[in-house]
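Some notes on the structure that comes next.
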Amino acid sequence: MVSRTRLTLAFLQLATASKAAQAPLHSPSEPSPTGRSPDSEVLEKQNSGWRFDIPLSSSNTTSNHLFDGVSSLLQLWGNARYRNGHNIVPVTIPTGTLLYHGTYHNVTPTTPEFVAVDPEHSYLFCRWLEEGKGCYHLTLAATRPLNMLYFDGGSAAMMHGCMDAQDLMVWGEVKPERLSNDYGRIKFLCEWGKKYNLDGFLRMQANFEIMLCDFANGVEEVSFLNLVSIGRILPPKGPPPERPTKEYPWWSYNYLLSGQWHRDFPGETRVKLDLSGIISFYDKDLFPSLSRLHSQHERWEHRVGGLDKPDIGKLMERLDEILNSKPAGSGVDWSSLYRVIVRRYSDRLDILRYMLDGKHMHDLVFSNKAEKIAFEVHEYIASMLTAYVLNDVRPRPSEYPHGWASLVFETCATTHTKYISRLSSLTNSEKMLLQSVNDVLHEICRVVVGIWAEGMELGLHTPGAPTTIVSETRFDELVVKWADELDGLIKWLDWSALVKCDPACGFEVSVSDKIGDTNRGP
């Protein structure tokens, strides 16, 4: 990260040297065919809804949480970070995908059981019943696409909050005394899913696992091997296993490592999301009882278990609607759209934060440090906005702060979704996804374009001019102001992609969060 940032700053300095020698968005106004903007006075009135001084982040929106949750689907890090999942998504497992099940005897399960997507996971449960006899490891292949529901977050971790969505579906309420009753969950969910032809349910712990409902339907045995075992079978309520001979045995490490393969984007690629049918508990219109609770707590404390009875009824109705009708949707690739936004801005926001911090200048000695930071930050942001700044947009007196730049703000915020917003084939789930990405782009562009506009008004776009316009004290205040605005944006976005070790850990270090009880599994 640091080296990449320094390269970026070096490029900016070289360029400077050479030059010196959740509310719905308003419909954007159309530029003329020539690319020139309409009359400036009319334009400001048309774009008065694009106010730089009215942040969405101050409202009770949940679009930011929804956006990060969707961006993190099927990825270990984002779902371990916020393990109290808030999304239920229809998914399919493609034909030919291998699934794994570790057990103590060579009998294929005839009742719902747990399978893993990686053998390093299922091998944890490959235990002997009789010493010296080894254990049994079953490998299955999907003979057709398997239809499933995916619970996001750490939905297989036996920790309070992680299984709320499942428990509301199974028992109609969260019952703490039934936290470890996973076989009760799998039995009910598979019975409930029969009418929808569901083959199972996808969850995550330190890796992804599947509640497979029928081992004789949609899967075929590839092998059933008698392997060397890691230890005795664990009784349901028995004592913990004997301490391994090595403090950190390699089979245990490989289990954690297999989960890290899916840590970041693209995550678990053997699962295909159908986001046209996603249900999010951050949907304020569908689940108003949770919206009130969410507003009172930090995101880390958000739980689905607070859903009231009427909203639980709406959850079951929406599931029935989605699984029965299987809406075709608009065809928009929402995963790619969300990923484009994250990739487009995550590194750039990180670089801006680094530049405004000024630590990269610690070895430089000059009196106008804040001026240099402001100049470089403005130039970097201008390079981010090249696709949105019309040729004749210039600073001028405005009714609102930076009102003259409202069209740049609007164009930046709506370009990615302008066409999608016109589609009549959007499902209810897709309309929710659209609102979320619109709100996120609105805030990003409000802050970024706002900094650019302020710099334009101060003359930062003209090399050498700022020293005659702005005092050194004013530059110090400006850099602090911009840093606060950027930090506020990053905090509001709360993207898992922006929460990382810097520098990144080497291969000899592997970080894993608490994953709950492992006394059952694939």
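With mature numbering (1 follows the signal peptide of the UniProt record, and there is no 0) applied, the sequence shown covers -20 to -1, 1 to 502. Glycine included, C-beta positions come from ideal geometry on N, C-alpha and C. Note that the structure is a prediction, hence the values are computed from the model and not measured.
Close Cβ partners of residue i (< 6 angstroms) along its chain, the five nearest in sequence each way excluded
| i | result |
| --- | --- |
| Cys392 | Tyr368, Cys425 and Val429 |
| Leu104 | Tyr235 |
| His117 | Gly82, Cys106, Leu205 and Leu207 |
| Ala96 | Tyr80, Ser102, Glu189 and Pro502 |
| Glu465 | Val427 |
| Leu403 | Ser310 |
| Phe455 | Ala350, Glu351 and Ala354 |
| Gly247 | Leu54 and Gln55 |
| Ile302 | Gly257 |
Beta carbon of residue i nearer than 8 angstroms to that of residue j
| i | j | result |
| --- | --- | --- |
| Ser51 | Arg319 | yes |
| Arg333 | Met364 | no |
| Arg212 | Ala136 | no |
| Gly286 | Ser260 | no |
| Asp152 | Ile292 | Note that residue 152 corresponds to Gly in the displayed sequence, not to Asp. Closer than 8 angstroms, so yes. |
| Ser43 | Gly257 | no |
| Phe131 | Pro381 | no |
| Met436 | Pro483 | no |
| Leu178 | Leu129 | yes |
| Leu421 | Ile321 | yes |
| Cys115 | Ser232 | no |
| Asn67 | Tyr176 | no |
| Thr397 | Val417 | yes |
| Cys170 | Pro89 | no |
| Leu387 | Leu370 | yes |
| Asp144 | Arg279 | no |
Among the options, the one whose alpha carbon lies nearest that of residue i
| i | options | result |
| --- | --- | --- |
| Pro125 | His101, Gly76 and Val427 | Gly76 |
| Met138 | Asn64, Ser326 and Glu110 | Asn64 |
| Asn187 | Thr91, Asn86, Val312 and Pro99 | Pro99 |
| Glu359 | Asp313, Arg323 and Ile431 | Ile431 |
| Ala362 | Thr88, Phe389, His340 and Asn348 | Phe389 |
| Phe355 | His340, Asp162, His441 and Gly247 | His441 |
| Phe487 | Val479, Leu237 and Leu317 | Leu237 |
| Val312 | Ser38, Tyr399 and Asp144 | Tyr399 |
| Asn161 | Lys174, Gly29, Glu301 and His140 | His140 |
| Ser326 | Gly180, Thr119, Ile470 and Met143 | Ile470 |
| Trp314 | Leu406, Val489, Trp280 and His340 | Leu406 |
| Gly468 | Ser38, Asp288 and Gly29 | Ser38 |
| His277 | His45, Glu157 and Lys113 | His45 |
| Phe94 | Glu301, Met341 and Phe195 | Phe195 |
| Val87 | Pro377, His340, Glu201 and Thr366 | Glu201 |
| Trp30 | Trp472, Thr453, Gly383 and Lys411 | Gly383 |
| Arg197 | Arg298, Ala122, Glu281 and Lys461 | The question names Arg, yet the displayed sequence has Asn at residue 197. Per the Cα distances, Ala122. |
| Glu423 | Arg250, Met191, Trp472 and Glu457 | Trp472 |
| Thr453 | Ala385, Thr366, Ser401 and Asn348 | Asn348 |
Residues near residue i in its chain [Cβ-Cβ closer than 7 angstroms; skip 5 each side]
| i | result |
| --- | --- |
| residue 551 | Since the displayed the chain opens at -20 and closes at 502, residue 551 lies outside it and no answer follows. |
| Phe168 | Val150 |
| Lys252 | Val71, Thr72 and Pro74 |
| Ser275 | Asn40 |
| Leu109 | Tyr84, His85 and Ile213 |
| Lys155 | Asp147 |
| Lys480 | none |
| Val489 | none |
| Asn127 | Thr72, Asn177, Leu178 and Asp179 |
| Arg324 | none |
| Gly239 | Leu56, Ala186 and Asn187 |
Rounded Cβ spacing between residue i and residue j (contact assumed at less than 8 angstroms)
| i | j | result |
| --- | --- | --- |
| His242 | Gln415 | Between Gln415 and His242 the Cβ distance is about 28 angstroms, and since that is not below 8 angstroms, they are no contact. |
| Asp419 | Leu36 | 6 angstroms |
| Val459 | Ala308 | The Cβ separation is near 51 angstroms, so there is no contact. |
| Val69 | Leu295 | Not really, about 14 angstroms apart at Cβ, beyond 8 angstroms. |
| Ala463 | Leu336 | 4 angstroms |
| Leu266 | Val199 | Incorrect: roughly 34 angstroms between the Cβ atoms, too far for contact. |
| Gly173 | Cys193 | 7 angstroms |
Same chain, Cβ closer than 8 angstroms to residue i, neighbours up to 5 away in sequence not counted
| i | result |
| --- | --- |
| Lys25 | In this prediction, Lys25 scores a pLDDT of 48, lower than 50, which makes its location untrustworthy; the coordinate-derived value is nonetheless stated afterwards. Closer than 8 angstroms at Cβ, skipping near neighbours: no residue. |
| Arg250 | Ile73, Pro74, Thr77 and Val97 |
Residue i: CB within 7 angstroms of a non-hydrogen atom of the ligand FMN
| i | result |
| --- | --- |
| Phe261 | Absence of the ligand FMN from the depicted structure is noted, as is the absence of any ligand whatsoever, leaving it without description. |
Residue-level contact to chain C via CB, residue i, 8 angstroms cutoff
| i | result |
| --- | --- |
| Glu200 | No chain C appears in this structure, which consists of one protein chain only. |
In the stretch 44 to 132, which residue ranges form an unbroken beta strand (DSSP E) of at least 3 residues, counting only runs that do not cross its ends? 67 to 73, 78 to 83, 93 to 96, 115 to 122 and 126 to 131
At which residue ranges does the stretch 310 to 345 contain complete beta strand (DSSP E) runs of 3 or more residues, listed in the order of the chain? none
Curious, which full-length alpha helix (DSSP H) runs of at least 4 residues does the stretch 285 to 311 contain? Positions of the alpha helix (DSSP H) runs, each at least 4 residues long and wholly inside the stretch 285 to 311, are given as 289 to 305 in order along the chain.
Which complete beta strand (DSSP E) runs does the stretch 187 to 275 hold, if anything under 3 residues is left out? 188 to 192 and 199 to 207
Which ranges would you report for the alpha helix (DSSP H) in the stretch 391 to 461 if only whole runs of at least 4 residues count? 408 to 437 and 446 to 449
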